[in-house]
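In the numbering used here, the protein residues as written are 527 to 905.
Note that CB positions come from ideal geometry on N, CA and C, so glycine has one too.
Here the structure is a predicted model, which means the values were calculated and not measured.
Worksheet: one structure, shown below.
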Ligand SMILES: Cc1ncc(COP(=O)(O)O)c(C=O)c1O
């Protein structure tokens with residue numbers, strides 16, 4: 527690990543002082559995004575439990591909590607372990623089976639832990655682990671409301687799982703969870719999909735209620751649907767993740783404005799030798815290789831100040847800017863900032879993120895929940 531003073535960056539340094547590619551976060555935009563979501567949740571009396579998979583950083587999670595988030599959502603026990611340093615109420619929105627359970631049970635005992643799951647095996651394994659660790663674990667039964675990824679879509683199965691949880695102390699049946707990741711259209715054209723979603727949630731909660739298993743918590747939501755979460759009848763808790771930084775895909779569907787995209791990849795033009803293009807030092811290992819999801823759109827990212835310029839091809843460390851739609855002809859050494867298609871993947875590729883105001887670097891933070899923190903084999 528290189529941590530020599532030679533590589534240190536003083537607060538107030540200009541962007542040319544950074545080695546590229548580097549992940550930059552516009553602090554004004556970040557602070558605005560966090561405050562705006564907290565205000566939306568308050569206005570609609572919804573509990574806000576942001577998904578940390580987007581920023582994977584305790585410092586950002588602490589800011590979300592300081593703005594009124596009631597807890598955090600994680601996708602892996604390793605993320606939950608890191609986040610337990612700043613939060614005492616964590617939802618693992620992922621079925622925990624196998625050796626993951628050991629890491630989960632090692633979380634601080636004072637932490638209120640909730641797990642979302644969708645199978646009898648997951649209930650039984652979690653109950654066994656919780657019993658051995660002698661700790662209560664709250665459980666959400668996961669519903670499939672259209673994404674067809676995880677979750678049960680037959681409500682008698684949901685009832686059977688909720689009953690199984692209720693009968694498996696120290697597990698506690700706490701409610702239901704869903705993720706509407708299949709809704710990725712323009713905000714204004716979500717009416718039918720949101721109506722179908724609301725109807726599915728209502729029929730599930732009615733069926734659970736008739737079985738004496740009315741869910742106290744109905745946890746769901748995503749960034750593409752976020753500003754319409756209050757229209758989903760019965761929802762009590764929202765779990766957006768991407769909103770904290772936003773990205774090109776989120777802006778494209780109108781779930782944020784282009785000026786709400788807080789994270790960009792700072793890159794240097796390293797070659798202009800091939801006519802009609804410029805090559806930057808941000809390739810697939812800096813931008814990820816995520817297509818635009820749900821909406822039309824070419825490329826792997828667009829320039830912040832020149833959105834018509836796209837990264838149209840990539841190697842691992844080369845990104846090719848297509849200049850055919852512009853008169854702009856950059857020089858070797860020039861800096862550009864790329865708005866990635868899907869920001870969560872980009873964050874995960876970085877050890878450190880730089881917080882900037884305007885053109886000045888104000889601070890940096892570690893992406894401390896990145897990676898899987900797997901144990902080594904020891905002799
Ligand atoms: C289970 C779950 N909840 C919440 C989220 C947050 O969604 P978004 O990133 O659209 O805000 C995700 C995203 O992958 C998810 O998988």
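Check whether the Cβ atoms of residue i and residue j lie closer than 8 Å to each other.
{"i": "residue 601", "j": "residue 619", "result": "yes"}
{"i": "residue 770", "j": "residue 572", "result": "no"}
{"i": "residue 687", "j": "residue 641", "result": "no"}
{"i": "residue 603", "j": "residue 676", "result": "no"}
{"i": "residue 774", "j": "residue 812", "result": "no"}
{"i": "residue 563", "j": "residue 766", "result": "yes"}
{"i": "residue 856", "j": "residue 793", "result": "no"}
{"i": "residue 817", "j": "residue 772", "result": "no"}
{"i": "residue 733", "j": "residue 685", "result": "yes"}
{"i": "residue 871", "j": "residue 814", "result": "yes"}
{"i": "residue 633", "j": "residue 627", "result": "no"}
{"i": "residue 631", "j": "residue 646", "result": "no"}
{"i": "residue 625", "j": "residue 661", "result": "no"}
{"i": "residue 730", "j": "residue 669", "result": "yes"}
{"i": "residue 807", "j": "residue 546", "result": "yes"}
{"i": "residue 860", "j": "residue 795", "result": "yes"}
{"i": "residue 591", "j": "residue 863", "result": "no"}
Can you tell me which of the options puts its alpha carbon nearest to the alpha carbon of residue i?
{"i": "residue 583", "options": "875, 885, 900", "result": "875"}
{"i": "residue 637", "options": "663, 654, 652", "result": "663"}
{"i": "residue 671", "options": "597, 783, 883, 726", "result": "726"}
{"i": "residue 674", "options": "708, 700, 856, 698", "result": "708"}
{"i": "residue 743", "options": "778, 712, 666", "result": "666"}
{"i": "residue 616", "options": "635, 628, 651", "result": "635"}
{"i": "residue 798", "options": "858, 698, 745", "result": "858"}
{"i": "residue 643", "options": "606, 847, 691", "result": "691"}
{"i": "residue 689", "options": "659, 741, 710", "result": "741"}
{"i": "residue 721", "options": "735, 904, 760", "result": "760"}
{"i": "residue 848", "options": "825, 746, 862", "result": "825"}
{"i": "residue 762", "options": "658, 592, 700", "result": "700"}
{"i": "residue 710", "options": "863, 800, 747", "result": "747"}
{"i": "residue 629", "options": "758, 779, 659", "result": "659"}
{"i": "residue 956", "options": "657, 723, 869", "result": "Any property of residue 956 remains undetermined from this structure, which presents the chain solely from 527 to 905."}
Rounded to a whole number of angstroms, what is the C-alpha to C-alpha distance between residue i and residue j?
{"i": "residue 544", "j": "residue 535", "result": "8 Å"}
{"i": "residue 832", "j": "residue 749", "result": "25 Å"}
{"i": "residue 880", "j": "residue 728", "result": "44 Å"}
{"i": "residue 576", "j": "residue 595", "result": "7 Å"}
{"i": "residue 694", "j": "residue 553", "result": "46 Å"}
{"i": "residue 542", "j": "residue 598", "result": "35 Å"}
{"i": "residue 528", "j": "residue 899", "result": "Caution applies to residue 528, whose pLDDT of 48 falls short of 50 and renders its modelled position unreliable; the value that the coordinates give is listed next. About 20 Å."}
{"i": "residue 873", "j": "residue 581", "result": "6 Å"}
{"i": "residue 777", "j": "residue 820", "result": "12 Å"}
{"i": "residue 764", "j": "residue 781", "result": "15 Å"}
{"i": "residue 539", "j": "residue 705", "result": "41 Å"}
{"i": "residue 768", "j": "residue 560", "result": "11 Å"}
{"i": "residue 893", "j": "residue 738", "result": "43 Å"}
{"i": "residue 653", "j": "residue 566", "result": "36 Å"}
{"i": "residue 891", "j": "residue 537", "result": "12 Å"}
{"i": "residue 843", "j": "residue 896", "result": "20 Å"}
{"i": "residue 823", "j": "residue 683", "result": "39 Å"}
{"i": "residue 606", "j": "residue 835", "result": "38 Å"}
{"i": "residue 574", "j": "residue 558", "result": "16 Å"}
{"i": "residue 903", "j": "residue 784", "result": "46 Å"}
{"i": "residue 651", "j": "residue 901", "result": "22 Å"}
{"i": "residue 800", "j": "residue 845", "result": "13 Å"}
{"i": "residue 611", "j": "residue 585", "result": "10 Å"}
{"i": "residue 912", "j": "residue 593", "result": "The structure shown does not extend to residue 912, since the chain is modelled only from 527 to 905, so the question has no answer here."}
{"i": "residue 578", "j": "residue 623", "result": "21 Å"}
{"i": "residue 548", "j": "residue 570", "result": "37 Å"}
{"i": "residue 736", "j": "residue 779", "result": "38 Å"}
{"i": "residue 889", "j": "residue 533", "result": "14 Å"}
{"i": "residue 745", "j": "residue 613", "result": "18 Å"}
- Message: I'd like the ranges of any alpha helix (DSSP H) spanning at least 4 consecutive residues and lying wholly in the stretch 586-658.
- Response: 603-609, 626-631
If contact is defined by three or more beta carbon pairs under 8 Å, each pair taking one atom from either stretch, is the stretch 780-790 in contact with the stretch 839-854? no
Does the structure place the stretch 713-721 close enough to the stretch 746-761 that three or more beta carbon pairs sit under 8 Å? yes
task = Could you tell me whether the stretch 882-897 touches the stretch 833-843, where touching means 3 or more Cβ pairs closer than 8 Å?
result = no
Which ranges does the beta strand (DSSP E) cover as unbroken runs of at least 3 residues, wholly within the stretch 771-858, from first to last along the chain?
For the stretch 771-858, whole beta strand (DSSP E) runs of length 3 or above, ordered along the chain, are 789-797, 803-806, 827-829, 836-840, 845-848.
task: Ignoring anything shorter than 4 residues or poking outside the stretch 658-709, list the alpha helix (DSSP H) runs there in chain order.
output: 681-692
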